[in-house]
Each structure stands twice: as structure tokens, then as C-alpha cells.
Amino acid sequence: MSSKKIRITTQTLFKNEDKFIWYALSAWEPYATQMLVWNDESSDQSEEIVKGIKSSKIKYKHISASSEAQLTLLRNQMLQQTKTEWFLLLDGDEIWNNSTVTKFLDYIENQPASVYAIVMRTRNCVGDVYHYLPEDEGRYELLGKRGHLNIRAYRKLPGFRWEGQYPLEKYVDARGSSINDQQDRLSFFDNFYWHMTHLPRSSSKETVKGWRETKIEGGIKIKEEELPEVFWLPAPPLVPSPLTKRSLPEEILGKLVTPIKKIRRAVLTK
């Protein structure tokens, strides 16, 4: 089936993501039906960058989340404004390859009505976009698999909603049962998107939503042609290039600490 038939809404709730949000949104803009992009009082240049993307699909909103519980309320408001059967949680540091997007859309288009959510892998970059953490670094377990896993797409169905508090909120059915815990309602899409969670994501020193520690590690090296095509699109002057390589001292330190971390991971997984 053609992925042009599938309708999907991307939901982006962010704070201080000016290094990557242009790439995250631009990669999905040609394919999404609707893009809800809500900014939680960013102090960096994220707002100007997002507003500079000329697309009628993007519905931008400046909001203020005063508590973790309010973030869940905002998720439900996004859900109410979603007009498509499927929606994708798209963080400001998550970048997709074009081919992955089209395969993903074809995949969800062919899912039976019994499937409520899609599981997939992430490649968590470390040091720069040319290196990522090995799969055995991941601790998530879904559908009998373990590694860097995430649920990124959900079906919007009557009575379904978000409950709990960020970052442990959960998407539940009309009975209040978590979708993530219903293995027979999940389907595994055997592919990945790039996650910049361990890289500097903002020019601001203030809080970044969904913050993870910056990691120093050698990582698995990739070829440049594997990276998302959006990295080579002409970006506005405010948007920094993601293609800067890590420094030589960072490279050396990463190689030194990697064997230690491999031993630690082996012990933890026994």
C-alpha cells in the first residue's frame, strides 16, 4: 500500500531544543497530516526557529507547564486536537530518515484494528551524530526484546487518554489499562530513528524537557550516508549544523572509558 493514504498527526511538546528541532520537524513535514508543536516557555531560539518553518501543517502554540501533572493534561489537550486515527510522539531531538518514515507509514497502514501502538528502536547518539550507543546499553523491555526501544505511535480511540505524571505518564484504554502493558496490542516495527538525547540539545543552559545526561563513550561509528537526509537541507542561519564532529580529546576519552563500560554492562545483564 502507498504511504500517501495514511493520515497521521505528530505531537511535539518541547522546551529548549534549538539545536535539533528544525531537523526533527522538517524530516516529518512532507509526510504528516497535522503537526502539533507546543513550546513550554523555551528560553533559547527554539520559538523563532519553529515559527520560521513555513508550513500550514504546523500548529504552533506557546504554553506554560507549571507542574509534571500539567504536562499530562497538555498531552490530553493535544489528543483532543488530533484529527487523525494515528498520532506520533515526536520529540525535538528525534530525527528520522526519509526511507524510515515511508516504511513506517506503510507499516502502520497495514496494522489490524487490534493493534493500538507501535514499538521501534532508537539509535542514541553519543559524542556526535557519527556514533551511537550499542544495543546492549538499552534497558527497555517490550515484546520480548531488550535494548533502546520506544513506543512512538498510538491509535486515537474513544475513551483512550493519558494518565499519570511526566515522565512516567502512560497511554491507557477506556478501562484505564496501560497500552504499554498489553503485549497483544503492540506491534514491532523493526527499524529505528536517531535520538540526540545524550548530545547538547540547546544553546541555553536552562532546563531541556526529557533531559538525559551527556555521555562520554566511543560508540559504534557509522558512515555519513546513513544519517538522515534532512541534515543536508538548507537550514536557516539560526539552526546549527549537526555534522560537527567531536573533538580529539573527546574521541580519546571515549575510547578509554568504553572497555570499562562494556564490562559494567556485561555484569548488569547477567
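As numbered in our numbering, residues 2 to 271 make up the sequence shown, in order. Idealized CB from N, CA, C, for every residue including glycine.
Would you report the Cα separation of P260 and E18, rounded to the nearest angstrom?
32 Å
Rounded to a whole number of angstroms, what is the C-alpha to C-alpha distance between I180 and D94?
Answer to the nearest angstrom: the Cα atoms are 24 Å apart.
L150: buried (16+ other C-beta within 10 angstroms of its C-beta) or exposed?
buried
Give me, in chain order, the residues of the same chain whose beta-carbon lies closer than 8 Å to that of G177; leave out the 5 immediate sequence neighbours on both sides.
E164
Just grab the DSSP bridge partners of L37 for me.
Q12, K60
Look at the alpha carbon of R8 and the alpha carbon of E170, and state the distance between them as a whole number of angstroms.
25 Å
How far does the beta strand (DSSP E) with M197 in it extend, from its first residue to its last?
Unbroken run through M197: none, as it is neither H nor E.
Note down the Cα distance separating G53 from R265, rounded to an integer number of angstroms.
45 Å
Roughly how far, in whole angstroms, is the beta-carbon of W97 from the beta-carbon of W39, given that I think they are within contact range, below 8 Å?
About 20 Å separates the two Cβ atoms, so there is no contact after all.
Verify the contact flag: K58, CB atom, against every heavy atom of the ligand GTP, threshold strictly below 7 Å.
The ligand GTP is absent from the structure shown, which contains no ligand whatsoever.
Candidates N99, A66, F232, K224: which alpha carbon is nearest Q166's?
A66
Would you say G220 reaches chain B, if we count a Cβ-Cβ gap shorter than 8 Å as a contact?
No chain B appears in this structure, which consists of one protein chain only.
What would DSSP say about N17, mapped onto helix, strand or coil?
coil
Decide if A154 is buried, meaning its Cβ has at least 16 other Cβ atoms within 10 Å, or exposed.
buried
Checking 8 Å against the spacing of the C-beta atoms, do Y194 and T123 come in under that value?
Result yes, Cβ atoms of Y194 and T123 sit closer than 8 Å.
Could you check whether K20 and S204 sit closer than 8 Å to each other, using their CB atoms as the reference points?
Closer than 8 Å, so yes.
Short of 8 Å in beta carbon distance, which residues of its chain neighbour I22, apart from the five on each side in sequence? Order them along the chain.
T13, F15, S47, I50, V51, G93, D94
With DSSP as the reference, label E86 as helix, strand or coil.
coil
For V120 and S68, what's the separation of their Cα atoms in angstroms?
28 Å
Going by CA-CA distance only, name the one from T85, G255, R162 that's closest to L75.
Taking only the C-alpha atoms, the option nearest L75 is R162.
Please name the residue or residues paired with G148 in a DSSP beta bridge.
Partner(s): Y141.
In chain order, what residues of the same chain have a beta carbon less than 6 Å from the beta carbon of D129, not counting five sequence neighbours either side?
K246, R247
My understanding is that Q35 touches T85, with C-beta atoms under 8 Å, so please give their C-beta distance in whole angstroms.
Correct: roughly 6 Å between the Cβ atoms.
Between which residues of its own chain and E142 is the CB-CB distance below 8 Å, once the five residues before and five after are set aside?
L150
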